[in-house]
Amino acid sequence: MVHSEHTGAGLARRLGLFDATMLVMGGIIGSGIFMNPAVAARRVHTTFLLLTVWALGGLVALAAAFIWAELATARPEVGGQYAYLREAFHPLVAFLYGWGLLLVIQTGGMAAVAVTFARYFLELTNLHAADGLVAALALAILTIVNCLGVRAGGTVQSFLMVLKIVAIVALIACGLFLAGPEKAPAVNPFGSGNIGGAEFHTYSFRDVFPFLTMIGAAMVPVLFAYGGWQTATFVAGEIREPGKNLPRALVIGVTAVVVLYLAVNFVCVRALGIYGLANTTTPASDVMRMALGPTGARLIAAGIAISTLGFLSQSMLTAPRVYFAMAEDGLFFGAVAKLSPRSRVPVIAIVMQGLLATAIALSGKYEQILNYVVSVDFIFFGLTAMCVFIFRRRLQGAHIGGALARVPGHPLTTALFIAVCWLVVINTVYQYPRNTLIGLAILLAGIPAYFLWQRGHRS
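Residues in the sequence shown are numbered from -11 upward in steps of one, following the numbering used here.
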């Protein structure tokens, strides 16, 4: 558990329902919704299937919101998934989560968001530079700024979240009322076609497996865009009346995000058509350009770039809570748990995270990073959902009832969520073996690292 004196928790203890909801939404809405409609469109080639996978992703996120709300209610004083996994399973499982968070999940997610910033920044400035280089520069600048002690409080994060919502609502409104619908030929959901240079083979209802793997491939960018609900639980003990406000914030926040995401996808495919959407890397700018010309494209690019930077800055100070916990448990470098005496921020943890995110941004393309992150992330989502069963059984053994009755439809809904997590991992490995196996190999490398650190701590 990370002690409050190491996290600057005083401000967060004043967060009410509104700020907690903004925290949930801010943890989800980063870059995915501005990029991933196009990525998903390249993997399923009809409007119906595109909206279907985004609706399915929303249901998965909503199920997760109920599960994480229950866990946060049961353990409101701890720092999120690391502590849940440590208490439910074993310190090794928790260590592997922190290891994966540092080397794959958090750093990979930050790299993907930084690439999104780079694409819209280049769209805004008309500069000619590589996405990875601009992303690396953005990460380096934000790393330095955060090391100097700049950290966003609840009010700043709520302001940045409002900015993101304004950008999304503007995109939806312009797509609906100012950008005319694209007249594109109808495509059979199981037919053949060519989008973005990728040949789609013919599928029939009898050929279920290829169709399901196609849907699974499309779910990767969708689920990445919906991810982030869990970050609010990192500060669960710092929210006013967390047992009441955090579960409400999770459900309200995720539901609002689902509505916004479905609306964005509808206007993107309405304005650009499924083929046009699949062949762009900046769908939001393209829609706004159709609606308001070059001025519209520049406005949405500026809004996305600013809000993306805010998301990155917040991410840089959220994840070190987990690294703190690992170091305090004697399972990581002791220096990671130290704060700068001047800025009172974990400089070593921030720099380490920033350097790794920069390396990933330079080494891979956006879609490769998505595959790299999602496969590892969903392993731990499934394991974390299993904590509900374990905590409930322990409460029953202690003759304590009612405290965890929060997930609607449990155990069926919880079991279905766990099954979806494992299917996502399996399908991602099947579809993109090279990228996902690299992430899994890094994760497994944490096992000998755990025992080395454990032996050093004991000695």
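In this text, a Cβ means the ideal position worked out from N, Cα and C, and glycines have one as well.
Rounded C-alpha distance that separates residue i from residue j
{"i": "L260", "j": "L164", "result": "12 Å"}
{"i": "L400", "j": "R381", "result": "16 Å"}
{"i": "P421", "j": "A155", "result": "36 Å"}
{"i": "A(-3)", "j": "A323", "result": "Any reading at A(-3) is ruled out, since the residue's pLDDT is 39, under 50, leaving its predicted position unreliable."}
{"i": "N359", "j": "A429", "result": "14 Å"}
{"i": "A60", "j": "G18", "result": "23 Å"}
{"i": "G468", "j": "T95", "result": "Outside the displayed span of the chain (-11 to 447) sits residue 468, for which this structure offers no information."}
{"i": "A373", "j": "A52", "result": "8 Å"}
{"i": "A229", "j": "W217", "result": "The sequence shown places Glu at residue 229, rather than the Ala named in the question. Distance between the alpha carbons of E229 and W217 is about 19 Å."}
{"i": "H78", "j": "L431", "result": "16 Å"}
{"i": "D450", "j": "K232", "result": "Because residue 450 is not part of the residues shown, which for the chain are -11 to 447, the question remains open."}
{"i": "L297", "j": "A106", "result": "10 Å"}
{"i": "A213", "j": "V245", "result": "10 Å"}
{"i": "F320", "j": "W441", "result": "7 Å"}
{"i": "P240", "j": "M23", "result": "Per the sequence shown, the amino acid found at residue 240 is Ile instead of Pro. Straight-line Cα distance between these residues: approximately 24 Å."}
{"i": "P25", "j": "V133", "result": "32 Å"}
{"i": "G264", "j": "A62", "result": "47 Å"}
{"i": "A128", "j": "A100", "result": "15 Å"}
{"i": "A279", "j": "I348", "result": "35 Å"}
{"i": "G215", "j": "L115", "result": "31 Å"}
{"i": "A272", "j": "F199", "result": "28 Å"}
{"i": "G45", "j": "V247", "result": "12 Å"}
{"i": "V196", "j": "L37", "result": "15 Å"}
{"i": "A71", "j": "T221", "result": "10 Å"}
{"i": "L110", "j": "Y354", "result": "15 Å"}
Whether residue i touches residue j by CB criterion (8 Å)
{"i": "N423", "j": "Q356", "result": "yes"}
{"i": "V12", "j": "V242", "result": "yes"}
{"i": "E75", "j": "V395", "result": "no"}
{"i": "T268", "j": "D274", "result": "yes"}
{"i": "L84", "j": "G444", "result": "no"}
{"i": "C135", "j": "V310", "result": "no"}
{"i": "A123", "j": "I288", "result": "no"}
{"i": "I55", "j": "F379", "result": "no"}
{"i": "I262", "j": "T402", "result": "no"}
{"i": "A102", "j": "A117", "result": "no"}
{"i": "I93", "j": "V361", "result": "yes"}
{"i": "G342", "j": "T131", "result": "yes"}
{"i": "T346", "j": "Y108", "result": "no"}
{"i": "L238", "j": "I227", "result": "no"}
{"i": "G427", "j": "S328", "result": "no"}
{"i": "L5", "j": "R277", "result": "no"}
{"i": "L344", "j": "L91", "result": "yes"}
Cut-off 6 Å between Cβ atoms - residues of its own chain near residue i, not counting five sequence neighbours on either side
{"i": "S303", "result": "M98"}
{"i": "L490", "result": "There is no way to answer for residue 490, as the model of the chain reaches only from -11 to 447."}
{"i": "C409", "result": "F366, F369 and G370"}
{"i": "P169", "result": "R258"}
Under the three-state DSSP convention, the category residue i falls into
{"i": "F377", "result": "helix"}
{"i": "K326", "result": "coil"}
{"i": "N233", "result": "helix"}
{"i": "A118", "result": "coil"}
{"i": "V32", "result": "coil"}
{"i": "R422", "result": "helix"}
{"i": "R394", "result": "coil"}
{"i": "D317", "result": "coil"}
{"i": "A433", "result": "coil"}
{"i": "I24", "result": "Contrary to the premise, residue 24 reads as Asn rather than Ile in this sequence. If DSSP states are grouped into helix, strand and coil, N24 belongs with the helices."}
{"i": "F77", "result": "coil"}
{"i": "I17", "result": "coil"}
{"i": "T201", "result": "helix"}
{"i": "T40", "result": "helix"}
{"i": "K353", "result": "coil"}
{"i": "N134", "result": "helix"}
{"i": "N267", "result": "coil"}
{"i": "A167", "result": "coil"}
{"i": "G97", "result": "helix"}
{"i": "P334", "result": "coil"}
Neighbourhood of residue i by C-beta distance below 8 Å, restricted to the same chain and skipping five residues each side
{"i": "L39", "result": "L250, N253, F254 and V257"}
{"i": "V41", "result": "A28, V32, I203, A206, M207 and V210"}
{"i": "V81", "result": "L73, R74 and L371"}
{"i": "T201", "result": "N415, Y418 and Q419"}
{"i": "F377", "result": "P399 and T402"}
Interface flag, residue i vs chain B, CB-CB below 8 Å
{"i": "L425", "result": "No chain B is present in this structure, which holds just one protein chain."}
Contacts around residue i, its chain only, beta-carbon distance under 7 Å, and the 5 residues preceding and following it disregarded
{"i": "L89", "result": "A307 and V310"}
{"i": "L112", "result": "R286, A289, A290 and A293"}
{"i": "A337", "result": "P308, Y311 and V324"}
Near the ligand COA: residue i beta-carbon under 7 Å from a heavy atom
{"i": "S301", "result": "This structure lacks the ligand COA; in fact it carries no ligand of any kind."}
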